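Quick note on the working numbering: the sequence shown kicks off at 23 and runs consecutively.
A virtual CB, placed ideally from N, CA and C, is assigned to each residue, including glycine.
All values derive from a computational prediction rather than experimental measurement.
Structure record follows, encoded as structure tokens.
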Amino acid sequence: MKQPKEIRPAGGKLGVLLPGFGAVATTFVAGVEAVRRGLAKPIGSLTQMNTIRLGKRTEGRAPLIKDFVPLAELDDLVFGAWDPIPDDGYESALKAGVLHKERHLDPIKDFLASIKPMPAVFDTDYVKKLDGPNKKSGATKKELAEQLRDDIRRFKEEEGCDRLVMVWCGSTEVYIRPGEVHASVEAFEKGLEENHPDIAPSQIYAYAAIMEGVPYANGAPNLAADCAALEALAKERGVPIAGKDFKTGQTLMKTILAPGFKTRMLGLEGWFSTNILGNRDGEVLDDPASFKTKEVSKLGVLEHILQPDMYPDLYGNIYHKVRINYYPPRGDNKEGWDNIDIFGWMGYPMQIKVDFLCRDSILAAPIVLDLALFLDLAARAGMDGIQEWLSFYFKSPQVAPGLYPEHDIFIQHWKLKNTLRWMKGEEMITHLGVEYYD
Ligand SMILES: NC(=O)c1ccc[n+]([C@@H]2O[C@H](COP(=O)([O-])OP(=O)(O)OC[C@H]3O[C@@H](n4cnc5c(N)ncnc54)[C@H](O)[C@@H]3O)[C@@H](O)[C@H]2O)c1
């Protein structure tokens, strides 16, 4: 990827398109509006709250990221969505039960109710536990992709947007392995025309977005743009893409704790993770085929962080188990337990227990915002294809073929900030610091 010579300014409106208008998407949209009206703070968002150090520690230069790189302003964001369930933003947010009705939803009811999801490309073969009437129909998947492309163009025109981005906030689809149909653009387009069963709805959205020059991020673990065909298409059309699966809750904790054990060369014998959650996402994940997609996404993390091949004595024999249990009374307020069996000097065992009473969508919403703003920035900087510097936000970071994903959240954070410095022609920060002692 070439270093950007210039970054186009972020003038005009940025349309954020959301396939899936459930808990995460409505919490994100409501939060942006609450921040715009001065009712809340954008906590958890790097683009809104984080600073970035520039130059030497002695220079005292640490602007906010949003003052360092040209990002779209929150006031310039407009939102569009698709969902098979026709609920508007207010009804959907109420059902999701994440945000407080009187305190946070009612004051912005008009705004939320004005966002009505467009008919979705949806098929119960790929998400078995839910259905709704707000769907498109078409003889082929190619036709459905064309209908999505029409929606994208119409939305841009009607809302007067300068630019668009798309962030998949739809349900986790059934597990599909990348196959022949995903191997090249030609095979993929033929597959769309022939209704190939291995092309899931999320991939039809990803295809439509890339064809329309719209940057695409995938918040769920299903393949979507994570295949050779769509990666090649994104490069061909100069579109940035990123994925997969928002890093929230338990995996966030895992990628914070595991690098800590490894930096201290402490061994790991086993890591048992179990969750109870009762939202719609939990219901979808109650289906074994959707859970399989999530499980694969969650399990890869430890292996890549701990590198058992390089440290067989410490990590060569880990028992790693992940469970998700659908438990309706808990709603969106998930509880995630981790039992971690570690060992230290001379092999003496120790245990760590984590009980995270978390709010999934509260952790995911700022990720949607940052991805939308950073992908738009990448597009204006002329960066295309996989944006690995955004792996900070994902459980299963999408990387170039042949590379293993970097899961350590601290390395990911460092990479993200160094990429911003690189984009602006600032010096990289290596933390070497010998010059302070000359
Ligand atoms: N909440 C988190 O912290 C978190 C973390 C990582 C990943 N995710 C993933 O993000 C996604 C959204 O999570 P959520 O909690 O908002 O779930 P949700 O069930 O509340 O919302 C998902 C919505 O997507 C819609 N949908 C499904 N297929 C669609 C399609 N083909 N087109 C358009 N809409 C479609 C559903 O009708 C539903 O309204 C899920 O895949 C989830 O696994 C969530």
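Problem - Meets three-Cβ-pair contact criterion under 8 Å: the segment 115-125 and the segment 137-150 - result: no
Practice task
Please determine, among Leu116, Asp308 and Leu170, the residue with the shortest C-alpha to C-alpha distance to Leu39.
Solution key: Leu170
Practice task
Pull up the distance between the alpha-carbon of Ile226 and that of Asp173, whole angstroms please.
Solution key: 13 Å
Exercise for the section: Could you tell me the boundaries of the alpha helix (DSSP H) in which Gln409 lies? Expected result: From DSSP, Gln409 is part of no alpha helix (DSSP H); its letter is neither H nor E.
Handout entry: Whole-number beta carbon distance between Phe294 and Pro361, since they are thought to touch under 8 Å
Key = As written in the sequence, residue 361 is Asn, which differs from the Pro given in the question. Indeed, because the Cβ distance is near 5 Å, the residues count as touching under 8 Å.
Exercise for the section: Could you tell me whether the Cβ of Cys191 comes closer than 7 Å to any Cβ of chain B? Expected result: Annotation note: the requested chain B is absent from the structure, which comprises a single protein chain.
Handout entry: Lys117, enclosing alpha helix (DSSP H) - first and last residue
Key = Gly111 to Ala118
Problem - Contact test: Ser206 Cβ vs ligand 1 heavy atom, cutoff 6 Å - result: no
Practice task
Could you check if Asp260 is buried or exposed, using at least 16 other CB atoms within 10 Å of its CB as the buried criterion?
Solution key: Per the sequence presented here, residue 260 reads as Gly, with Asp not at that position. Flag for Gly260 reads exposed.
Exercise for the section: Output the distance between the C-alpha atoms of Leu166 and Ile346, rounded to the nearest integer angstrom. Expected result: 33 Å
Handout entry: Per-residue burial, Ala414 [other beta carbons within 10 Å of its own, 16 or more giving buried]
Key = Looking at the sequence shown, residue 414 is not Ala but Phe. Label assigned to Phe414: buried.
Handout entry: Distance, Pro243 Cα to Tyr197 Cα
Key = 9 Å
Practice task
Using alpha carbons as the reference points, say which of Lys356, Glu357, Leu425 and Lys439 lies closest to Phe396.
Solution key: Lys439
Problem - Of the residues Leu454, Ile408 and Ile137, the one placed nearest Ala250, counting alpha carbons only - result: Ile408
Practice task
Classify Thr146 as buried or exposed, calling it buried when 16 or more other Cβ atoms lie within 10 Å of its own Cβ.
Solution key: exposed
Exercise for the section: Taking all protein chains shown into account, decide if Val91 is buried (16 or more other Cβ within 10 angstroms of its Cβ) or exposed. Expected result: buried
Handout entry: Cβ-Cβ distance between Glu55 and Phe133 below 7 Å
Key = yes
Exercise for the section: On a CA-only basis, which of Leu299, Leu385, Glu113 and Pro237 is nearest Val46? Give me that one, please. Expected result: Leu385
Handout entry: Check whether Ser206 and Ser319 have beta carbons under 7 Å apart
Key = no
Handout entry: Limits of the unbroken alpha helix (DSSP H) element including Val57
Key = Ala45 to Arg58
Handout entry: alpha helix (DSSP H) runs wholly inside the segment 306-391, at least 4 long, in chain order
Key = 310-328 and 334-337
Practice task
Could you spell out the range, first to last residue, of the beta strand (DSSP E) harbouring Ile298?
Solution key: Gly289 to Leu299
Practice task
Would you mind working out which of Ala115, Glu325 and Glu211 sits nearest Glu291, comparing C-alpha positions?
Solution key: Glu325
Problem - Opposing strand residues paired with Cys183 [DSSP bridges] - result: Lys35
Problem - Among Phe365, Gly404, Val51 and Lys35, the one whose alpha carbon lies nearest that of Val189 - result: Val51
Exercise for the section: For Thr73, write down the residues that DSSP places opposite it in a beta bridge. Expected result: Leu86
Problem - Neighbour-count burial assignment, Ala401, 16 or more Cβ in a 10 Å radius - result: buried
Exercise for the section: Taking only heavy atoms of ligand 1 into account, decide whether any of them is closer than 6 Å to the Cβ of Thr270. Expected result: yes
Problem - Alpha-carbon spacing of Val344 relative to Val323, whole angstroms - result: 11 Å
Exercise for the section: Check each candidate in Thr48, Leu288 and Glu168 and name the one with the smallest Cα separation from Ile340. Expected result: Leu288
Handout entry: Through-space distance from Gln434 to Arg79, alpha-carbon basis
Key = 21 Å
Practice task
Return the residue from the list Leu186, Ile74, Glu448 and Pro155 that minimises the CA-CA distance to Ala94.
Solution key: Leu186
Problem - the segment 26-40 contacting the segment 97-108, beta-carbon criterion three pairs below 8 Å - result: yes
Handout entry: At least 3 beta-carbon pairs within less than 8 Å: the segment 297-304 vs the segment 347-354
Key = yes
Exercise for the section: Report the three-state DSSP secondary structure of Asn244 (helix, strand or coil). Expected result: coil
Problem - heavy atom of ligand 1 below 6 Å from Arg302 C-beta - result: yes
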